[in-house]
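Down below is the structure, laid out as structure tokens.
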Amino acid sequence: MDSSKVRYLILSFVWMFPITPIPAQEKDAIPSGQIYQDASQPVEARIDDLLPRLTLEEKINLIGGGAYMQTHAVSRLGIPEFRMTDGPFGVRAGPSRVYACGLALAASWDIDQARKVGVALGRDCRARGINILLAPGMNLYRAPFSGRNFEYFGEDPLLTGELGCAYIQGVQSQGVAATMKHFVANEQEFNRRGLNSEVDERTLRELYLKPFEMAVKKAGVWCAMDSYNPLNGTHTTESDWLNNQVLKGEWEFKGLVMSDWKAAVSTLATANGGLDLEMPSPKFLNSQALQPLINAGQVTQATLDDKVRRIFRVVFSMGWMDRPQLDNSIPKDDPQNDQVALDGAREGIVLLKNSGNILPLNPMNVKKVVVLGPNADPAVAVGGGSAHANYTHAVSVFQGLKDVAGPNVDVIRVPWSILPTGTDIAAPGKTPLASTTYGAEGNPPFPPASIDDIKSADVAVICVGYNGQSARTGPDWEGEDKDRAYDLPPGQVAMIEAVVKLNPHTVVILNAGGSVATAGWIGDVPVLLDAFYPGQAGGTALAEILFGKVNPSGKLPFSWEKRWEDCAAYGNFPTEASKGNDYKEGVFLGYRWFDRKGIEPLFPFGFGLSYTTFAYSNLELQSSPSGDFTATFTVQNNGTVPGAEIAQLYVAPPSTGVPRPMHELKGFVRTALQPGESKQVGITVAREDLGYWDPATKKWTVTPGQYQIEVGSSSRDLGLKGSVTQVEKPN
Ligand code: BGC
146 MDSSKVRYLI LSFVWMFPIT PIPAQEKDAI PSGQIYQDAS QPVEARIDDL
196 LPRLTLEEKI NLIGGGAYMQ THAVSRLGIP EFRMTDGPFG VRAGPSRVYA
246 CGLALAASWD IDQARKVGVA LGRDCRARGI NILLAPGMNL YRAPFSGRNF
296 EYFGEDPLLT GELGCAYIQG VQSQGVAATM KHFVANEQEF NRRGLNSEVD
346 ERTLRELYLK PFEMAVKKAG VWCAMDSYNP LNGTHTTESD WLNNQVLKGE
396 WEFKGLVMSD WKAAVSTLAT ANGGLDLEMP SPKFLNSQAL QPLINAGQVT
446 QATLDDKVRR IFRVVFSMGW MDRPQLDNSI PKDDPQNDQV ALDGAREGIV
496 LLKNSGNILP LNPMNVKKVV VLGPNADPAV AVGGGSAHAN YTHAVSVFQG
546 LKDVAGPNVD VIRVPWSILP TGTDIAAPGK TPLASTTYGA EGNPPFPPAS
596 IDDIKSADVA VICVGYNGQS ARTGPDWEGE DKDRAYDLPP GQVAMIEAVV
646 KLNPHTVVIL NAGGSVATAG WIGDVPVLLD AFYPGQAGGT ALAEILFGKV
696 NPSGKLPFSW EKRWEDCAAY GNFPTEASKG NDYKEGVFLG YRWFDRKGIE
746 PLFPFGFGLS YTTFAYSNLE LQSSPSGDFT ATFTVQNNGT VPGAEIAQLY
796 VAPPSTGVPR PMHELKGFVR TALQPGESKQ VGITVAREDL GYWDPATKKW
846 TVTPGQYQIE VGSSSRDLGL KGSVTQVEKP N
């Protein structure tokens with residue numbers, strides 16, 4: 146049985162049982178009226194009161210997990226277990242609502258939606274008595290095939306940070322602690338426990354640490370999860386530099402640092418390296434191993450107390466000892482969250498190609514739609530691994546089309562295995578069609594009946610890509626602990642090619658946590674929609690987009706290359722054949738690389754089509770004495786249907802001796818506009834966000850000079866331009 150199934154079984158078992166009740170005789174002995182029990186007392190005073198009451202044994206017990214997904218209780222003091230769960234877009238404690246994945250949320254560029262998803266997940270946790278949500282994942286998209294890209298928010302640290310912060314604030318507003326993970330430089334799944342990520346400090350500060358820094362400083366995240374990988378030779382779980390100096394020191398993080406599951410590898414270095422909670426069980430931070438080190442003074446009492454203090458700072462700040470965490474007023478299957486799931490799917494789908502304006506389909510003209518491909522039905526809502534949650538109900542593309550198209554449109558599902566071809570286009574586990582020669586003696590007539598359907602249809606909808614619900618060992622599985630292939634799973638390209646030949650009105654819908662190889666087919670396909678993993682309402686949203694009931698508004702949160710060889714991490718990203726994991730591309734990740742090398746991407750970062758068009762005008766820039774500035778400009782919907790535009794602001798720094806990206810995203814705003822409507826929108830950028838990390842001085846440095854400001858609809862379409870000047874020392 147593969148590891149994700151084993152884990153799911155363990156979790157199902159764990160969640161069958163309520164929190165261990167405190168035995169009656171112990172209950173009577175629990176002190177009452179003490180400062181640590183008094184919600185009106187300041188948090189630090191409560192901790193000061195509690196710490197001396199705990200024995201050494203109890204303190205050590207508290208810094209190691211129990212029962213896989215919770216902390217240990219101290220029943221004699223009335224301290225219960227605190228419970229945790231994955232995952233980022235659907236809580237993994239029994240069936241639950243499943244929202245559009247992180248990459249789809251990033252494609253919406255919608256900060257309000259990120260907050261709503263956070264609130265919804267917080268409520269889903271409270272309905273199950275969960276204290277800590279093990280999310281969001283804030284690693285960056287470095288290569289298309291990294292197995293967990295779908296959980297993250299794309300290639301840009303600002304977009305990741307902004308959406309992550311809103312999500313965290315939403316979760317924590319419900320009395321549930323969020324966990325920023327996987328801290329840090331865990332951008333691949335291949336050999337994620339063994340490979341050392343080599344990343345220079347400037348690259349870490351400007352890219353990979355940035356979203357985490359924002360989560361601490363802007364969102365006040367309560368938990369951090371150290372990753373599996375060593376970073377520059379030291380396991381993150383042992384890294385004094387990462388946990389003590391940067392996170393807790395410089396950033397003043399007040400919460401707790403836990404390990405990823407079984408990521409701790411030692412006792413002494415882990416205890417002193419800033420880890421506060423070893424999960425899921427105390428393999429290294431246990432009494433037997435720690436007590437001698439404490440007795441010998443190698444781990445101080447103060448170090449141990451600080452870990453316990455951090456755990457209880459979260460507990461008391463969140464009110465977990467002052468009210469039941471289980472809120473019975475919230476239904477487990479919460480209908481209030483349906484709209485959040487649907488909005489997330491609607492906003493997170495990106496229309497990448499629409500030649501000849503085949504979309505939107507007009508239900509008055511379209512009489513027959515055929516639906517093909519392995520991902521058409523059942524719904525492909527979510528990727529695999531710990532982010533996989535069991536949805537309460539989900540709508541597939543096929544079902545969504547039947548619901549949305551209306552009674553006058555025939556929606557026909559053609560099984561994948563019926564396509565005529567001489568090539569291998571069988572679904573995994575099915576007999577390749579190459580073995581069937583239609584029309585030959587003893588074989589079905591060519592074309593088979595349903596092929597006449599694929600030809601006479603007004604439109605063919607092909608649903609391809611990856612899947613988190615199939616067998617983990619299969620070529621179409623995408624998820625944790627495994628990087629996927631770059632090519633579409635076997636047979637899918639052949640299917641696309643076969644269908645396009647039969648019916649040029651072909652729409653391809655893709656499920657994947659990143660780009661896939663398109664050479665050979667993208668030129669022939671008129672319509673491509675990237676749905677990522679759109680959650681349980683994905684089929685409805687896709688059908689609404691196809692029939693123009695919803696205008697697509699998502700924009701790519703990563704650069705889509707013409708070929709993998711064009712990407713920044715090509716040659717550096719770890720594979721079976723490579724020895725290490727050296728982030729040699731440095732700060733030039735994603736669009737920063739394409740710009741620097743003058744390479745044309747297939748679809749640029751920030752790109753997405755709409756059924757309407759938008760015009761930009763009147764850029765005005767207003768600087769404050771401190772060097773912060775505000776850009777105001779007008780966006781107009783000059784088409785005939787309502788739509789939402791994501792306006793993006795990039796800043797190009799003055800040239801200095803330091804190689805810097807040509808321009809970087811520094812702000813964005815999503816605006817809904819009726820036909821003909823225009824709005825003035827504003828984006829404020831802080832001076833400190835214009836700097837680069839100087840490894841020599843170990844400081845952020847803003848070079849004096851002129852900064853070009855560019856505003857528009859994608860990283861490669863920036864029609865409005867202006868400039869601001871930064872001086873050496875602003876007021
Ligand atoms: C994953 C984490 C997850 C943890 C608990 C690990 O394998 O990397 O993201 O939170 O398991 O399920």
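Under this note's numbering, the first residue of the sequence shown is numbered 146, with each subsequent residue one higher. Note that CB positions come from ideal geometry on N, CA and C, so glycine has one too.
Cβ-Cβ separation, residue j to residue i (assumed contact under 8 Å), whole Å
{"i": "residue 464", "j": "residue 320", "result": "6 Å"}
{"i": "residue 431", "j": "residue 209", "result": "6 Å"}
{"i": "residue 794", "j": "residue 776", "result": "6 Å"}
{"i": "residue 766", "j": "residue 867", "result": "5 Å"}
{"i": "residue 810", "j": "residue 691", "result": "Not a contact, Cβ separation roughly 30 Å."}
{"i": "residue 401", "j": "residue 444", "result": "That belief does not hold up - the Cβ atoms of residue 401 and residue 444 are roughly 17 Å apart, past 8 Å."}
Helix, strand or coil at residue i according to DSSP, with G and I counted as helix
{"i": "residue 462", "result": "helix"}
{"i": "residue 696", "result": "coil"}
{"i": "residue 622", "result": "strand"}
{"i": "residue 382", "result": "helix"}
{"i": "residue 665", "result": "coil"}
{"i": "residue 748", "result": "strand"}
{"i": "residue 781", "result": "strand"}
{"i": "residue 272", "result": "coil"}
{"i": "residue 531", "result": "coil"}
{"i": "residue 582", "result": "Its pLDDT being 37, under 50, residue 582 is placed unreliably by the model, and nothing is read from it."}
{"i": "residue 124", "result": "Nothing can be reported for residue 124: it is not among the residues displayed for the chain, which extend from 146 to 876."}
{"i": "residue 412", "result": "coil"}
{"i": "residue 368", "result": "strand"}
{"i": "residue 845", "result": "strand"}
{"i": "residue 404", "result": "strand"}
{"i": "residue 815", "result": "strand"}
{"i": "residue 859", "result": "strand"}
{"i": "residue 443", "result": "coil"}
{"i": "residue 547", "result": "helix"}
{"i": "residue 397", "result": "coil"}
{"i": "residue 450", "result": "helix"}
{"i": "residue 709", "result": "helix"}
{"i": "residue 257", "result": "helix"}
Extent of the continuous beta strand (DSSP E) to which residue i belongs
{"i": "residue 685", "result": "Taken as a continuous stretch (DSSP letters only), residue 685 belongs to no beta strand (DSSP E), being part of the alpha helix (DSSP H) at 683-691."}
{"i": "residue 607", "result": "604-610"}
{"i": "residue 315", "result": "From DSSP, residue 315 is part of no beta strand (DSSP E) but of the alpha helix (DSSP H) over 302-317."}
{"i": "residue 753", "result": "It is not in any beta strand (DSSP E) - residue 753 carries neither H nor E in the DSSP assignment."}
Alpha-carbon to alpha-carbon, residue j and residue i
{"i": "residue 157", "j": "residue 377", "result": "The predicted model places residue 157 with a pLDDT of 48, which falls under 50 and marks its position as unreliable, so this point remains unresolved."}
{"i": "residue 584", "j": "residue 523", "result": "Note that residue 584 scores 37 on pLDDT, short of 50, meaning its location in the model is unreliable and no value can be drawn from it."}
{"i": "residue 859", "j": "residue 639", "result": "32 Å"}
{"i": "residue 624", "j": "residue 870", "result": "45 Å"}
{"i": "residue 273", "j": "residue 610", "result": "33 Å"}
{"i": "residue 417", "j": "residue 427", "result": "15 Å"}
{"i": "residue 171", "j": "residue 206", "result": "18 Å"}
{"i": "residue 423", "j": "residue 457", "result": "15 Å"}
{"i": "residue 404", "j": "residue 346", "result": "22 Å"}
{"i": "residue 453", "j": "residue 412", "result": "16 Å"}
{"i": "residue 277", "j": "residue 831", "result": "32 Å"}
{"i": "residue 510", "j": "residue 782", "result": "26 Å"}
{"i": "residue 804", "j": "residue 329", "result": "24 Å"}
{"i": "residue 755", "j": "residue 496", "result": "7 Å"}
{"i": "residue 637", "j": "residue 525", "result": "16 Å"}
{"i": "residue 790", "j": "residue 707", "result": "25 Å"}
{"i": "residue 672", "j": "residue 502", "result": "9 Å"}
Boundaries of the alpha helix (DSSP H) in which residue i is found, first to last residue
{"i": "residue 191", "result": "188-195"}
{"i": "residue 485", "result": "483-493"}
{"i": "residue 439", "result": "432-440"}
{"i": "residue 641", "result": "637-647"}
{"i": "residue 742", "result": "736-742"}
Looking at C-beta atoms only, is the number of pairs between the stretch 459-476 and the stretch 645-661 that lie closer than 8 Å three or more? No: the two stretches stay apart, fewer than three of their Cβ pairs being nearer than 8 Å.
Specify whether the stretch 486-495 and the stretch 673-690 touch according to this definition: at least 3 beta carbon pairs, one from each stretch, less than 8 Å apart. Here the stretch 486-495 makes contact with the stretch 673-690; the two share three or more CB pairs at distances below 8 Å.
Quick check: the stretch 692-708 against the stretch 747-767, are there 3 or more CB pairs under 8 Å? Contact between the stretch 692-708 and the stretch 747-767 is present: three or more C-beta pairs spanning the two stretches fall below 8 Å.
Evaluate the contact criterion for the stretch 292-308 versus the stretch 501-517: three or more CB pairs, one atom per stretch, below 8 Å. By the Cβ rule, the stretch 292-308 does not count as touching the stretch 501-517, because fewer than three pairs are nearer than 8 Å.
Taking three-plus beta-carbon pairs below 8 Å as touching, is the stretch 553-562 in contact with the stretch 353-362? The stretch 553-562 is not in contact with the stretch 353-362.
Taking contact to mean 3 or more Cβ pairs, one atom from each stretch, closer than 8 Å, check whether the stretch 722-740 and the stretch 324-341 are in contact. Under the three-pair Cβ rule at 8 Å, the stretch 722-740 counts as touching the stretch 324-341.
Any contact of the stretch 300-317 with the stretch 251-266, i.e. 3+ C-beta pairs under 8 Å? The stretch 300-317 is in contact with the stretch 251-266.
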